[in-house]
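Asker: Could you have a look at this structure, given as structure tokens, before my questions?
Protein chains in written order, with this note's numbering: chain P, 1 to 374; chain R, 1 to 86.
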């Protein structure tokens with residue numbers, strides 16, 4: 001293969017039709033072999049970026065009948081509890097504060113029907129940024145204003161925000177803060193698996209979360225729960241190969257933690273990111289949509305960095321808030337149902353006028369099904 | 001939201017790099033990959049490089065795909081998936 005290094009990352013082979021057709025044929029054989037154990041094989045893609053990659057490639061309609069891919073609790077906006085969404089909106093209501101956020105949070109509605117997008121239209125200073133470093137730069141440029149970053153996400157995003165907070169501390173910034181509504185993937189898997197009614201036969205593990213945490217934190221899934229796991233990349237061939245690796249584990253009856261995405265994911269993850277994470281944050285309880293507040297499933301600011309906690313700085317209390325009426329987002333996140341089974345799907349709930357966060361977020365399961373079909 | 005994109009470090013000063021994403025250049029922090037050097041490929045998420053990528057491992061993955069699935073083209077195209085045209 002005489003290609004430049006850059007071409008290897010962007011090679012057309014990652015989406016090659018012949019290779020994909022062969023992988024799908026292999027999948028058909030493996031599903032038939034796995035079917036001996038009875039019924040449909042249910043795998044869960046935990047990551048919202050996988051949900052979108054699967055939907056956008058159109059491969060779902062080529063999957064064998066006996067295989068079902070469920071979307072898991074891996075869309076950060078979707079898993080953020082209604083109570084935490086209300087806290088975000090409460091921060092935006094503080095006079096003079098500049099809210100900075102990733103675009104995905106803009107249209108999620110609070111329990112009173114408000115969202116950041118509509119608040120911005122009415123004049124609230126809310127800015128969509130590409131990186132939390134943009135928010136730190138804004139705080140430096142506007143020393144008279146308080147700049148709040150809306151930190152949500154998993155182990156991929158938390159270190160990036162830790163990095164921005166550490167830079168703000170080095171610069172001595174007193175007008176920068178962030179929320180820490182972070183969730184952890186391995187405890188989320190444990191939450192799913194500890195429910196005896198779960199029907200998950202394997203996890204397609206998130207590539208970029210794993211680039212940070214490595215493989216070891218998943219060990220319990222294969223050992224304690226005997227459920228196959230494959231860390232998978234995001235190209236169509238990565239996904240097809242990842243599914244086939246999961247199927248092979250099901251057929252052989254030997255669950256393990258395998259790494260299809262070894263070009264980005266090392267067994268030990270990223271030690272520098274892990275170190276920064278443990279300095280800026282500590283493991284804490286987190287509030288999940290449809291699950292509730294659960295011990296040791298998220299991250300909060302550590303003692304040394306608690307001065308950067310926006311929720312503490314502005315005294316924003318937490319109160320439980322109900323899910324939008326009729327919305328099945330919570331059940332969808334737990335892999336208990338698929339978007340088209342929701343009575344609101346495509347009727348009163350569409351991306352233009354979304355009821356629940358799974359339709360609001362660009363990587364929510366409902367948004368993916370609505371845009372690309374099943 | 002956990003989207004991350006590979007790019008090449010074209011220059012760096014301390015832990016601030018300029019990264020080339022197929023012609024589009026952006027400032028990227030190397031705070032999370034202190035070992036990264038000029039000309040390295042990095043995986044970038046929200047303004048931070050989160051991992052150094054090895055082109056030879058990408059090539060190895062593609063070779064594996066070709067080994068596992070390459071030989072089966074004919075078989076795949078005459079099988080139940082013949083509607084998936086190459």
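The C-beta atom is built at its ideal place from N, Cα and C for all residues, glycine as well.
I'd like the list of long-range same chain contacts for residue 171 of chain R, defined as Cβ closer than 7 Å, with 5 residues on each side in sequence excluded.
Answerer: In the structure as shown, chain R begins at 1 and stops at 86. Residue 171 of chain R is therefore absent and cannot be evaluated.
Asker: Rounded to whole angstroms, what is the Cα-Cα separation between residue 18 of chain P and residue 194 of chain P?
Answerer: Their Cα atoms are separated by approximately 40 Å.
Asker: Just the C-alpha distance for residue 62 of chain P and residue 25 of chain P, rounded to the nearest angstrom, thanks.
Answerer: Looking at the two C-alpha atoms, the distance is approximately 10 Å.
Asker: Just to make sure I have the definition right: I need the residues of chain R whose C-beta is within less than 8 Å of the C-beta of residue 209 of chain P. Which are they?
Answerer: The answer, in chain order, is 2.
Asker: Which one of R/55, R/41, R/56 has the shortest CA to CA distance from residue 49 of chain R?
Answerer: Comparing Cα-Cα distances from residue 49 of chain R to each of R/55, R/41, R/56, the minimum goes to R/41.
Asker: For residue 266 of chain P and residue 207 of chain P, I'd like the C-alpha separation in whole angstroms.
Answerer: Using only the alpha carbons, I get a separation of about 11 Å.
Asker: What residues match up with residue 148 of chain P in a beta bridge as DSSP calls it?
Answerer: Residue 148 of chain P is bridged to P/99, P/177.
Asker: Which residues, in chain order, does the stretch 20-31 of chain P contribute to contact with chain R at a C-beta distance below 8 Å?
Answerer: Listed by position, the residues of the stretch 20-31 of chain P near chain R (Cβ gap below 8 Å) are 20, 21, 22, 23, 24, 25, 26, 28.
Asker: Near residue 250 of chain P, which residues of its chain fall below 7 Å by C-beta distance, leaving aside the five closest residues on each side in sequence?
Answerer: Here the set comprises 34, 41, 201, 202, 228.
Asker: Could you pull out every unbroken beta strand (DSSP E) segment of at least 3 residues lying fully inside the stretch 109-168 of chain P, listed in chain order?
Answerer: Here the runs fully enclosed are 126-128, 146-149.
Asker: How about residue 274 of chain P and residue 186 of chain P: are their beta carbons less than 9 Å apart?
Answerer: Not closer than 9 Å, so no.
Asker: Going by DSSP, what residue range makes up the beta strand (DSSP E) through residue 265 of chain P?
Answerer: Element bounds for residue 265 of chain P: n/a, residue is neither H nor E.
Asker: Helix, strand or coil for residue 13 of chain R? Go by DSSP, reduced to three states.
Answerer: If DSSP states are grouped into helix, strand and coil, residue 13 of chain R belongs with the strands.
Asker: Do you know whose CA, among P/292, P/333, P/156, P/180, lies nearest residue 379 of chain P's CA?
Answerer: A question about residue 379 of chain P goes unanswered here, because the residues of chain P that appear run from 1 up to 374.
Asker: In chain R, what lies closer than 9 Å to residue 252 of chain P by C-beta?
Answerer: Those do not exist, as residue 252 of chain P stays about 16 Å from chain R at its closest Cβ, beyond 9 Å.
Asker: The beta strand (DSSP E) spanning residue 220 of chain P covers which residue range?
Answerer: Residue 220 of chain P -> not in any beta strand (DSSP E); alpha helix (DSSP H) instead, spanning 219-223.
Asker: Who pairs with residue 380 of chain P in a beta bridge, going by DSSP?
Answerer: In the structure as shown, chain P starts at 1 and stops at 374, and residue 380 of chain P therefore has no counterpart that could be examined.
Asker: Using CA coordinates, which residue listed in P/256, P/252, P/242, P/361 is at the minimum distance from residue 219 of chain P?
Answerer: If we check each option's Cα against that of residue 219 of chain P, P/256 comes out closest.
Asker: Just the C-alpha distance for residue 19 of chain R and residue 44 of chain R, rounded to the nearest angstrom, thanks.
Answerer: Near 9 Å, if we compare the C-alpha coordinates of residue 44 of chain R and residue 19 of chain R.
Asker: Would you give the residue range spanned by the beta strand (DSSP E) that residue 26 of chain R belongs to?
Answerer: Segment 24-29, the beta strand (DSSP E) holding residue 26 of chain R.
Asker: Using a Cβ-Cβ cutoff of less than 7 Å, which residues in the same chain neighbour residue 348 of chain P once the five nearest sequence positions on both sides are dropped?
Answerer: Once the five neighbours on either side are set aside, the close Cβ partners of residue 348 of chain P are 355.
Asker: Helix or strand or just coil, what does DSSP make of residue 49 of chain R?
Answerer: Reduced to three states, the DSSP call for residue 49 of chain R is strand.
Asker: Count the C-beta pairs between the stretch 92-99 of chain P and the stretch 145-154 of chain P that are closer than 8 Å, then say yes if the count reaches three, no if not.
Answerer: Enough Cβ pairs lie closer than 8 Å, so yes.
Asker: Residue 257 of chain P by DSSP, collapsed to three states: which one?
Answerer: In the structure shown, residue 257 of chain P sits in a strand (DSSP, three-state: E or B).
Asker: Taking only beta carbons into account, state which residues of the stretch 5-19 of chain R come closer than 8 Å to chain P, listed in chain order.
Answerer: Those residues of the stretch 5-19 of chain R that come within reach of chain P (Cβ to Cβ, closer than 8 Å) are 6, 8.
Asker: Between the stretch 103-125 of chain P and chain C, which residues of the former have a C-beta closer than 9 Å to a C-beta of the latter?
Answerer: This model lacks chain C altogether; the protein chains it does include are P and R.
Asker: Find the nearest neighbour of residue 114 of chain P within the set P/346, P/373, P/324, judged by alpha-carbon distance.
Answerer: Selected option, being the one with the closest Cα: P/324.
Asker: Determine the burial state of residue 230 of chain P: buried for a count of at least 16 other Cβ atoms within 10 Å of its Cβ, exposed for fewer.
Answerer: Buried: at least 16 other Cβ atoms inside 10 Å.
Asker: To which residues of the same chain is residue 135 of chain P closer than 6 Å at the C-beta, ignoring the five residues directly before and after it?
Answerer: Answer for residue 135 of chain P: 100, 129, 147, 149, listed in chain order.
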